[in-house]
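All residue numbers for the sequence shown refer to the working numbering, where the first residue is 1 and numbers rise by one.
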Amino acid sequence: MSKVISAHAVSVDGYITGRDPGAGRGLGDGGTLLDWYFDGDTPGKVFDGFRLSEPSSRVFDALAGHVGAVVAGRNTYEDSDRFGGGSPHPTARLFVLSHRPAPEMTERQTLVTTGIEDAIAAAREAAGDGRRPPALRGRAGEPLVTARTEPRHVPTGTTPDQETTMTLTPDVRRVLDGASIAHLASVLPDGAPHSVPVWIGTHGDHVVILTGPDSRKARNLRRDPRIALSLTPADNPFQPVVIRGRVVEWIEGEAAWEIVDRIAAKYIGGPYTRAEERVVALIEPDRQIMG
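If you want it as C-alpha cells, here you go:
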C-alpha cells in the first residue's frame, strides 16, 4: 500500500498568502512563510538551495527523497509561475487539480479536472511501487501530514496482502470475448476526453486491447492509466457493457503477439499482420455494468 502526504498550514492571522500573490510574486507580500527551509547550516540533499537545521534535514530529506508525484491546486500552480514548466519537486511528476483548461501544460505536468480522488489515483499510479507517495501541496507547499491509502478492492474474507483483481461476470466476459467493437475513452494531456474504437478481449480477469506503442491512446494511457470502455453486443444492442478501470501493465514482444493474434482471430479470422508493431494494454477493471 502506498502513502499520501498532505500539506496543511495555518498562520496566526488565518491567511497562508500575503497580499497580491501571483506569478513572479509567489505568496505575495508578507515575508517568508517557511524560513526553516533556509535558516540552517545543513545543505539539502533533495532540493538545491535548501539549508536546514541538522535534525530537520534528517527528517525532511528522508521524506522528500521518497516523493514520487505531487498534486497541486490551480492557485498554487499559477502563483508559482506554473513551476517553470516542471514540478515543485526535482524529480516527481506534477498533477494539477482544476476545473479550467490549462493548455500550457508540459510533459512533466498533468491536468486533472475530475476531482481530487482521480488526481490522487493518477498520482499514485505515477508514483509507482508504493514506496514513493504523492505529496499534496497547497499555497504553502510543505509536506506535513502522512495518511495511508487503502487498496481499491479487498474482497470479503481477504486481507490487503491478499488483494485480488475484480472477477469479470460471465455475461460481461461473453461480450468481451465476442467480436463486438469497443470504444475506449482516455484522457488527453489537456484533460479533454479522447475516444477511439478498439478490438478487445480478455486475459484471465483482465481486459486487453492492442495498439501501436506510440499511438495517441497509448501515450494517453502511459501518462494517465484510467480508462472507460463501452461495447454493444450485436445480438442484444439493448444490453451494452460499460467498464471502468486502469491499465496496470504493458505487454510487449512474443507475449503480446500471442494475445494480439487471439484477438485478431475473432475479428478477421486469422493472425494480425506483422507489418506494424503492436503492444497490449492489460486493464484491471474496478467497475463493470451490463444493461
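Just so it is clear, CB atoms sit at the ideal spot from N, CA and C, and this is done for glycine as well.
- Counting only unbroken stretches of 4 or more residues, the alpha helix (DSSP H) elements lying wholly within the region 61 to 106 are 74 to 79, in sequence order.
- Assignment of beta-bridge partners to R287 by DSSP yields R244.
- Under the three-state reduction of DSSP, I181 is assigned to coil, being neither helix nor strand.
- In chain order, D190 place their CB closer than 8 Å to the CB of P103, counting only its own chain and leaving out the 5 sequence neighbours on each side.
- Here G24 has D81 as same chain residues with Cβ atoms under 7 Å from its own Cβ, once five neighbours each way along the sequence are excluded.
- Within the model, the alpha-carbon separation for G270 versus A182 is close to 19 Å.
- S87 places its beta carbon less than 7 Å from that of L94.
- A residue is called buried once 16 or more other Cβ atoms fall within 10 Å of its Cβ, and H89 is buried on that count.
- If you look at L176, you'll find it in the alpha helix (DSSP H) that goes 170 to 176.
- Between L231 and S180, the CB-CB gap stays under 7 Å.
- Proximity to R246 across A264, R226, A255, E252 peaks at R226, based on C-alpha coordinates.
- Under the 8 Å Cβ criterion, the region 192 to 207 counts as touching the region 276 to 284, having at least three qualifying pairs.
- Residue pairing for W250: DSSP places it in a beta bridge opposite A281.
- Looking at I289, F47, Y37, F50, the one whose alpha-carbon comes closest to that of P170 is I289.
- Annotation for A69: A92, R93, A123, A126, A127, P134 place their beta carbon closer than 6 Å to its own, counting only its chain and skipping 5 residues before and after.
- For R226, the enclosing beta strand (DSSP E) begins and ends at 226 to 231.
- For Q109, the pairing in a beta bridge is given by DSSP as L94.
- Per DSSP, reduced to three states, the secondary structure at V46 is coil, with no helix or strand assignment.
- Beta bridge pairing from DSSP links S186 with H194.
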